[in-house]
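First up is the structure itself, then whatever we jot down about it.
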Ligand code: MEV
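In my numbering, the protein residues as written are 3 to 430.
This is the structure we're talking about:
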């Protein structure tokens, strides 16, 4: 069978790489790098973290069918969980039939905080900081000339007063910094440490913590999609029925925090995988997303699903998304750099837009399956390979054992072991 007669997921790993090169998704150089099975070396890993003794690998997959603001995008995803890449591709395929996703994101504004103790007169401190704001901003600009040249730099400075904290009254100074294409943790932390003596002098307080906030609600990403009923139809369900069931699933997440958490976990399956693939701090994105979801004092879903007057399903997602395309692991990890080249995003803002779409696609695919035939059929079929490996299958035994388990509808460790024992090499 010719390579092009088969779907991407049906190809072997080398064939997938070759297809991406042939279609212009990967450069020949990046393809050659992947063909050799290259990734992070122990030497590089040792320079990234402490006490390194090895490299912990994860599968790097490519989600297909994404169209974001009219542009087809290949989505690199690093994740160990079966079904996630398939679900993202599946959700995106449905959206692509309807023209693709629309997405937008705020400018890359990171928030940093300086905690000040022993401020005797809060009102006076606020006034002095306001009067001398330009001086603080000028200091920041001299610290980051390149950032300023690229259009970034200080945006805003404001304060809050917590008179009754358990440690006594404290003043918190907030700095909003435009970090352009970086995630910005280093830029903001360096800035805060450098401006804190001046801030102490102006406020009369003593600086304690000087660190970014991971609640990056000045850096939100939003995506939406509209799907006609006919594109959502399934073998045993009409499109209208699928829409009704997705709306019921969304209402469940609205009503019940126990469901909302799982709903959001599915969204983050997609978002984290892109963050990991691109060398971004996925823990920061997770922390911000869950804080945003709980902003009303109760956990709420990160996505919303509605039906419009024409009967189309309208999906939306909004979450803080502090992700960069320069600096940190994006520059060091060869596969992160390769993933960013594959995404062809031109800015951190564009990366945030695309990533929000992956979260929405993931949620669409999950809700459509959960609300109809359930997820276990598809999931267990993919899971079979992992069970086969856990039972001791090696090389081409893996697919053979998995295949027998799928056919007999018994995807269990004991059964995989029994198959291996029964058939020896599993060739018979
Ligand atoms: C599994 O990793 C994610 C799901 O549980 C998400 C969801 O329930 O919406 C399938």
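A virtual CB, placed ideally from N, CA and C, is assigned to each residue, including glycine.
Let me check understanding here. Comparing Cα to Cα, which of the options lies closest to residue i?
i, options, result
"residue 225", "233, 357, 238", "357"
"residue 140", "129, 130, 157, 125", "157"
"residue 10", "31, 49, 64", "64"
"residue 137", "108, 391, 203", "203"
"residue 276", "339, 238, 256, 192", "339"
"residue 312", "48, 220, 228", "228"
"residue 93", "418, 223, 246, 365", "365"
"residue 152", "350, 98, 50, 80", "350"
"residue 36", "20, 51, 24", "20"
"residue 28", "377, 346, 419, 402", "346"
"residue 134", "223, 159, 25", "159"
"residue 118", "243, 216, 170", "170"
"residue 195", "377, 176, 352, 334", "176"
"residue 239", "422, 418, 200, 371", "371"
"residue 415", "362, 55, 395", "395"
"residue 361", "145, 287, 424, 418", "287"
"residue 310", "193, 263, 363, 245", "245"
"residue 73", "56, 52, 79, 103", "103"
"residue 344", "12, 352, 26, 376", "26"
"residue 285", "305, 242, 306, 216", "216"
"residue 59", "71, 41, 221", "41"
"residue 181", "148, 167, 172", "148"
"residue 363", "168, 236, 69, 34", "69"
"residue 62", "39, 51, 55", "39"
"residue 323", "306, 109, 421, 236", "109"
"residue 75", "397, 348, 422", "348"
"residue 397", "422, 375, 377", "422"
"residue 146", "191, 291, 168", "191"
"residue 273", "359, 337, 53, 264", "359"
"residue 243", "183, 283, 411, 315", "315"
"residue 172", "425, 426, 211, 16", "211"
"residue 463", "402, 14, 32", "Residue 463 falls outside the range modelled here, since the chain spans only 3 to 430, and no answer is possible."
"residue 263", "55, 57, 375, 291", "291"
"residue 282", "56, 376, 183", "183"
Regarding residue i and ligand 3, is the C-beta to nearest heavy atom distance less than 8 Å?
i, result
"residue 131", "Annotation note on ligand 3: not contained in the displayed structure, which lists ligand 1 as its ligands."
Below 8 Å on the Cβ atoms is my guess for residue i versus residue j; work out the distance and round it to an integer in Å.
i, j, result
"residue 248", "residue 90", "Actually they are not in contact, since the Cβ atoms of residue 248 and residue 90 sit about 17 Å apart, beyond 8 Å."
"residue 280", "residue 234", "At roughly 30 Å, the Cβ-Cβ gap does not stay under 8 Å, so residue 280 and residue 234 are not in contact."
"residue 268", "residue 368", "4 Å"
"residue 400", "residue 387", "6 Å"
"residue 390", "residue 404", "5 Å"
"residue 81", "residue 271", "7 Å"
"residue 200", "residue 189", "That belief does not hold up - the Cβ atoms of residue 200 and residue 189 are roughly 18 Å apart, past 8 Å."
"residue 406", "residue 385", "Residue 406 to residue 385, Cβ: 14 Å. No contact."
"residue 209", "residue 218", "So it is not a contact: roughly 22 Å between Cβ atoms."
"residue 105", "residue 71", "6 Å"
"residue 185", "residue 24", "Actually they are not in contact, since the Cβ atoms of residue 185 and residue 24 sit about 33 Å apart, beyond 8 Å."
"residue 214", "residue 255", "No, residue 214 and residue 255 are not in contact; Cβ-Cβ is about 30 Å, not under 8 Å."
"residue 107", "residue 223", "4 Å"
"residue 155", "residue 142", "6 Å"
"residue 251", "residue 306", "Contact flag wrong, Cβ pair sits at about 12 Å."
"residue 334", "residue 79", "At roughly 20 Å, the Cβ-Cβ gap does not stay under 8 Å, so residue 334 and residue 79 are not in contact."
Give a yes or no on whether 9 Å exceeds the smallest Cβ distance from residue i to chain C.
i, result
"residue 36", "In the structure shown, chain C cannot be found, because there is only a single protein chain."
Evaluate the contact criterion for the segment 151–163 versus the segment 313–333: three or more CB pairs, one atom per stretch, below 8 Å. no
Do the segment 318–325 and the segment 42–49 meet, that is, are 3 or more Cβ pairs less than 8 Å apart? no
Using 8 Å as the threshold, is the segment 113–120 in touch with the segment 77–92, meaning 3 or more CB pairs across them? no
Counting only runs of 4+ residues fully inside the segment 384–419, write out the alpha helix (DSSP H) ranges in chain order. 398–409
Under 8 Å, with one C-beta from each stretch per pair, do the segment 259–270 and the segment 300–310 reach the 3-pair mark? yes
My parser needs the beta strand (DSSP E) runs of 3 or more residues fully inside the segment 143–224; what are they? 155–164, 172–180, 208–214
Is there contact between the segment 190–206 and the segment 122–129, where contact requires at least three CB pairs shorter than 8 Å? yes
Does the segment 380–387 come within contact of the segment 284–297, defined as at least 3 CB pairs closer than 8 Å? no
Check whether the segment 231–246 and the segment 95–103 are in contact - that is, three or more C-beta pairs closer than 8 Å. Touching, yes.
Entirely within the segment 12–83 and at least 3 residues each: give me those beta strand (DSSP E) ranges in chain order. 62–70, 73–80
Could you name each continuous beta strand (DSSP E) segment of 3 residues or more that falls completely within the segment 234–312, going from the start of the chain to the end? Listed in chain order, they are 305–309.
Which parts of the segment 338–382 are runs of the alpha helix (DSSP H), unbroken and 4 residues or longer, counting only runs that do not cross its ends? 350–372
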